[in-house]
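Residues in the sequence shown are numbered from 1 upward in steps of one, following full-length UniProt numbering. A virtual CB, placed ideally from N, CA and C, is assigned to each residue, including glycine.
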Amino acid sequence: MGKWLLAYIMADRTAPHCQLRLEWIYGYRGHQCRNNLYYTAGKEVVYFVAGVGVVYNTREHTQKFYLGHNDDIISLGLHPERSLVATGQVGKEPYICVWDTFSVQTISVLKDGHSHGVACLAFSADGQRLASVGLDGKNTVCVWDWKKGKILATATGHSDRIFDISWDPFQQNRLVSCGVKHIKFWALCGNALTPKRGIFGKTGDLQTILCVASAKDDVTYSGALNGDIYVWKGLNLMRTVQAAHGAGIFSMYACEEGFATGGRDGCVRLWDVDFKPITKIDLREAEQGYKGLSIRSVCWRADRILAGTQDSEIFEVMVRDRDKPLLIIQGHCEGELWALDVHPKKPLAVTGSDDRSVRLWSLADHTLIARCNMEEAVRSVAFSHDGSQLALGMKDGSFTVLRVRDMTEVVHIKDRKEVIHEMKFSPDGSYLAVGSNDGLVDVYAVAQRYKKVGECNKSSSFITHLDWSIDSKFLQSNDGAGERLFYRMPIGKHLTTKEEVKGIHWSSWTSVIGPEVSGIWPKYTNISDVNSVDANYCSAVLVAGDDFGLVKLFRFPCLKKGAKFKKYIGHSAHVTNVHWSHDLQWVLTTGGSDHSVFQWKFLPEGIMNGGLETSIPQGTVY
């Protein structure tokens with residue numbers, strides 16, 4: 001009976017019955033974006049990261065997710081009633097989604113207006129129309145009847161980038177747009193959208209305008225690259241507010257109380273309805289501020305202010321307590337995010353990225369509990385068997401070991417010249433295996449202050465994945481040439497016969513090569529298309545992350561080609577790493593260029609059959 005059952009499992013090509021449900025996203029998109037952070041009517045915070053719209057309840061510390069996009073979201077517009085938002089994405093055929101922040105359900109999808117991407121979005125004051133700006137060569141401006149999904153008018157925007165667009169709340173058919181060395185005032189008449197260029201004259205320098213907001217009496221305020229506010233009357237530059245900020249003003253928000261501006265100088269400034277200064281908040285001077293902090297988005301509602309930064313943080317400031325800004329969301333920024341591991345005994349995960357930071361996250365509380373800034377970009381991380389030490393593999397070929405309790409250095413070693421892409425401690429805690437792009441796996445003895453005791457040198461390409469055997473006597477490696485090799489540890493003797501490797505039980509399974517995972521590979525794929533896998537032995541299921549932004553669940557082992565799977569979207573580009581938590585409650589995934597960490601709740605088959613199935617968003621079966 002046992003053999004028959006095993007044979008059945010091995011031959012099963014159906015998708016697993018278990019599920020993943022997105023529970024939390026660590027991160028916020030601050031790079032190459034602006035004006036993408038708002039308070040909703042429900043007093044929640046709406047923003048986006050990767051391909052996901054996020055609605056964050058700061059009081060209850062919960063998140064809801066909008067998953068209607070299939071690529072990076074780069075723009076966000078808030079409806080005047082503040083319950084609906086519009087989000088725009090990049091891609092060959094980018095589209096705009098209008099969705100409800102309460103239900104996170106789609107209201108309308110706007111297609112065929114733009115190519116390359118949707119850079120800016122703005123609802124009209126009456127909420128009936130939506131203006132959008134494309135990333136195409138003409139920076140096309142469209143005006144939509146968003147309820148019908150129809151374009152009312154379209155026009156060439158400008159020969160260079162447009163950074164912001166805004167409706168005049170006092171003249172319903174007037175808009176203003178701004179960008180590289182220009183500002184334009186638009187009139188909408190029927191399906192004709194006609195621009196007139198703003199006249200700088202001698203009042204101020206002709207320069208790049210980054211943000212705009214309209215006021216009464218045909219007055220427009222705009223934020224300039226040099227930190228000045230330009231004040232326009234009709235088409236003419238009337239006056240300037242010099243040095244309103246110390247550098248470029250990326251964001252301007254108009255509300256009943258007046259205006260809020262945020263700039264590259266790290267400051268938020270509040271102005272009254274006549275643009276007279278009220279107060280200045282310097283986030284660089286905050287407890288969690290830092291030199292170089294740059295604000296990309298601001299929102300002011302009653303006594304609260306939101307500020308989103310270039311480095312993927314969201315601050316909330318109470319106006320009456322303005323010297324104590326709260327850091328409510330943070331994430332990685334810059335370059336790519338590849339490094340991920342989970343604590344062997346606690347609900348903790350660690351990540352490291354090209355931003356040179358290592359971050360320790362609480363999976364139970366959804367918070368950052370420690371951060372350490374390194375001198376090099378981090379490409380791999382590994383907890384020791386007891387969780388007391390943390391190894392970091394660097395882009396320059398070195399590695400560092402830290403004590404987890406205080407993030408102090410134990411040792412720093414540089415034996416290789418190229419990036420350390422993978423590292424793993426042995427299950428018995430005796431050794432650390434370090435795989436580099438030099439094509440070598442170095443083995444270090446932990447108790448001897450990481451003295452090198454072995455070397456695995458038979459790979460013909462860069463090392464991608466490592467797994468130890470349960471008894472710590474063997475190691476398997478994958479490399480960029482598609483080889484799966486076996487070694488006797490710790491010396492690194494290459495095992496070449498089937499008899500030598502027969503019957504080895506692996507402590508973990510992260511290998512993307514081998515008969516056990518041959519079914520995960522679609523037709524016509526490259527060896528680099530699947531970046532990471534991790535097996536859950538208890539539930540006989542494998543999670544995989546690929547270059548197409550997908551997280552997949554397969555049965556494990558997955559022997560047969562064409563195996564069915566559950567797939568989950570959200571990461572917009574390549575999923576660089578996947579990991580089960582120590583207790584198999586969660587799956588963690590990292591997005592390379594979206595810099596985000598996704599935490600997924602694992603819903604085993606038994607729970608699914610217990611009556612929850614209908615209420616859980618299903619992963620698509622393929």
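Is it buried or exposed for E44, if we count other Cβ within 10 angstroms and need 16 for buried? Here residue 44 corresponds to residue number 44 of the sequence shown, with the count starting at 1. The residue in question, E44, is buried, as its Cβ has 16 or more Cβ neighbours within 10 Å.
Check for me: the beta strand (DSSP E) holding V358 runs from which residue to which? The sequence position of residue 358 within the sequence shown is 358, counting from 1. Per DSSP, the continuous beta strand (DSSP E) segment holding V358 begins and ends at S357 to S362.
Note down the Cα distance separating Y450 from V411, rounded to an integer number of angstroms. Within the sequence shown, numbered from 1, the residue matching residue 450 stands at position 450. Within the sequence shown, numbered from 1, the residue matching residue 411 stands at position 411. Cα to Cα, Y450 sits roughly 8 angstroms from V411.
Note the first and the last residue of the continuous alpha helix (DSSP H) segment covering L498. On the sequence shown, residue 498 is found 498 positions in, with the first residue counted as 1. The question names Leu, yet the displayed sequence has Lys at residue 498. Segment K498 to V501, the alpha helix (DSSP H) holding K498.
If you count every other CB in all the chains shown that lies within 10 Å of the CB of L206, and 16 or more means buried, which is it? If you number the sequence shown from 1, residue 206 lands on position 206. By the neighbour-count rule (16 or more Cβ atoms within 10 Å), L206 is not buried but exposed.
Are the Cβ atoms of F48 and V55 separated by less than 8 angstroms? The residue you call residue 48 lines up with position 48 of the sequence shown. The residue you call residue 55 lines up with position 55 of the sequence shown. For the 8 angstroms CB-CB criterion, F48 and V55 do not form a contact.
Per-residue DSSP class, three states only, for S518: Taking the sequence shown and counting its residues from 1, the one referred to as residue 518 is at position 518. Helix at S518.
How is the beta strand (DSSP E) around M489 delimited, first residue to last? Along the sequence shown, one-based indexing puts residue 489 at 489. Where M489 is concerned, there is no enclosing beta strand (DSSP E), given that its DSSP letter is neither H nor E.
Anyone know if the C-beta pair for C178 and I199 falls short of 8 angstroms? Looking up residue 178 in the sequence shown gives position 178. Looking up residue 199 in the sequence shown gives position 199. Not a contact, by the Cβ cut-off of 8 angstroms.
Taking the beta carbon of E421 as the centre, do at least 16 other beta carbons fall within 10 Å, making it buried, or is it exposed? As a first step, residue 421 must be located in the sequence shown, where it is residue number 421. According to the sequence shown, residue 421 is His rather than Glu. When all chains shown are included, H421 counts as buried.
Which term fits W278, buried or exposed, when burial requires 16 or more other beta carbons within 10 angstroms of its beta carbon? Here the question's residue 278 lines up with position 278 in the sequence shown. It is worth fixing the name first, because residue 278 is Ile in this sequence and not Trp. Exposed, by the Cβ-count rule.
D354 versus Q32: straight-line alpha-carbon distance, rounded: Numbered from 1 along the sequence shown, position 354 holds the residue referred to as residue 354. Numbered from 1 along the sequence shown, position 32 holds the residue referred to as residue 32. Cα to Cα, the separation comes out at about 17 angstroms.
Starting from the C-beta of H244, find all residues in its chain whose C-beta is less than 7 angstroms away, skip the five residues before and the five after it, and write them out in chain order. The residue given as residue 244 occupies position 244 in the sequence shown. One point to set straight first is that residue 244 is Ala, not His, in the sequence displayed. The beta carbon of A244 sits closer than 7 angstroms to the beta carbons of G227, D228, I229, T261 and R269 from its chain, once the five residues preceding and following it are set aside; these are given in chain order.
Nearest to L237 (by Cα), restricted to the options H114, T203 and I314: Here residue 237 refers to the residue found at position 237 when the sequence shown is read from its first residue. Selected option, being the one with the closest Cα: T203.
From what residue to what residue does the beta strand (DSSP E) around F554 run? The residue labelled residue 554 in the question sits at position 554 within the sequence shown. Counting along the chain, the beta strand (DSSP E) containing F554 begins and ends at V551 to R555.
Residue nearest to L306 in terms of C-alpha spacing, selected from Q288, I329 and K291: Here residue 306 corresponds to residue number 306 of the sequence shown, with the count starting at 1. That would be I329, whose Cα lies nearest to the Cα of L306.
Would D438 and R416 be called neighbours here (beta carbons separated by less than 8 angstroms)? Sequence index remark: in the sequence shown, residue 438 carries index 438 (1-based). Sequence index remark: in the sequence shown, residue 416 carries index 416 (1-based). The answer is yes: Cβ separation under 8 angstroms.
Whole-angstrom distance between L225 and P604, CA atom to CA atom: Sequence index remark: in the sequence shown, residue 604 carries index 604 (1-based). Sequence index remark: in the sequence shown, residue 225 carries index 225 (1-based). Roughly 53 angstroms separates the two Cα atoms.
Taking G514 as the reference, which of S528, Q476 and G545 has the closest Cα? Looking up residue 514 in the sequence shown gives position 514. The candidate whose alpha carbon is nearest that of G514 is Q476.
Answer yes or no: do V180 and D160 have a C-beta to C-beta separation smaller than 8 angstroms? Residue numbering aside, residue 180 sits at position 180 when the sequence shown is read from its first letter. Residue numbering aside, residue 160 sits at position 160 when the sequence shown is read from its first letter. In this structure, D160 lies closer than 8 angstroms to V180 by Cβ.
Go ahead and pull the three-state DSSP assignment for Q585. The residue given as residue 585 occupies position 585 in the sequence shown. Coil at Q585, not helix or strand.
Where does Q476 fall in DSSP's three states? Reading the sequence shown from its first residue, position 476 is the one you call residue 476. Reduced to three states, the DSSP call for Q476 is strand.
At what residue ranges does the region 72 to 150 contain a whole run of the beta strand (DSSP E), taking only runs of 3 or more? 73 to 78, 84 to 91, 96 to 100, 106 to 110, 116 to 123, 129 to 134 and 141 to 145
Starting from I165, trace the beta strand (DSSP E) both ways and give me its first and last residue. Translated into positions along the sequence shown, residue 165 becomes position 165. Note, I165: beta strand (DSSP E), I162 to W167.
Could you tell me the distance, in whole angstroms, from the CA atom of residue 624 to the CA atom of S539? Outside the modelled stretch of the chain, which goes from 1 to 622, sits residue 624, for which no answer is possible.
Could you name the residues of the same chain whose beta carbon sits closer than 6 angstroms to that of G134, not counting the 5 residues immediately before and after it, in chain order? The residue given as residue 134 occupies position 134 in the sequence shown. H114 and T140.
Could you have a look at A447 and say whether DSSP puts it in helix, strand or coil? The residue you call residue 447 lines up with position 447 of the sequence shown. If DSSP states are grouped into helix, strand and coil, A447 belongs with the helices.
In this structure, how does DSSP classify D282 when only helix, strand and coil are distinguished? Within the sequence shown, numbered from 1, the residue matching residue 282 stands at position 282. Three-state result, D282: strand.
I'd like the list of long-range same chain contacts for R488, defined as Cβ closer than 7 angstroms, with 5 residues on each side in sequence excluded. The residue labelled residue 488 in the question sits at position 488 within the sequence shown. Taken in chain order, the residues that qualify are K473, F474 and L495.
Put V533 into one of helix, strand or coil per three-state DSSP. Numbered from 1 along the sequence shown, position 533 holds the residue referred to as residue 533. Reduced to three states, the DSSP call for V533 is strand.
Name the residue from A192, R174 and W521 whose alpha carbon lies nearest to the alpha carbon of T154. Here residue 154 refers to the residue found at position 154 of the sequence shown. Nearest of A192, R174 and W521 to T154, Cα basis: A192.
Using the rule of at least 16 other Cβ atoms within 10 Å of the residue's Cβ for burial, across every protein chain shown, is D164 buried or exposed? Taking the first residue of the sequence shown as position 1, residue 164 is located at position 164. Looking at its Cβ environment, which holds 16 or more other Cβ atoms inside 10 Å, D164 is buried.
Take the Cβ of V273 as the centre, count every other Cβ of all protein chains shown within 10 Å, and call the residue buried at 16 or more, exposed below. The residue you call residue 273 lines up with position 273 of the sequence shown. V273 is exposed by the Cβ-count criterion.
Option in K138, G68 and E409 with minimal Cα separation from G157: Here residue 157 is taken as the residue at index 157 of the sequence shown, counted from 1. Closest by alpha carbon: K138.
Helix, strand or coil: how does DSSP classify E455 here? Translated into positions along the sequence shown, residue 455 becomes position 455. Strand.
Whose CA, out of V90, G77, S508 and E418, lies closest to the CA of D100? Looking up residue 100 in the sequence shown gives position 100. The residue with the shortest Cα to Cα distance from D100 is G77.
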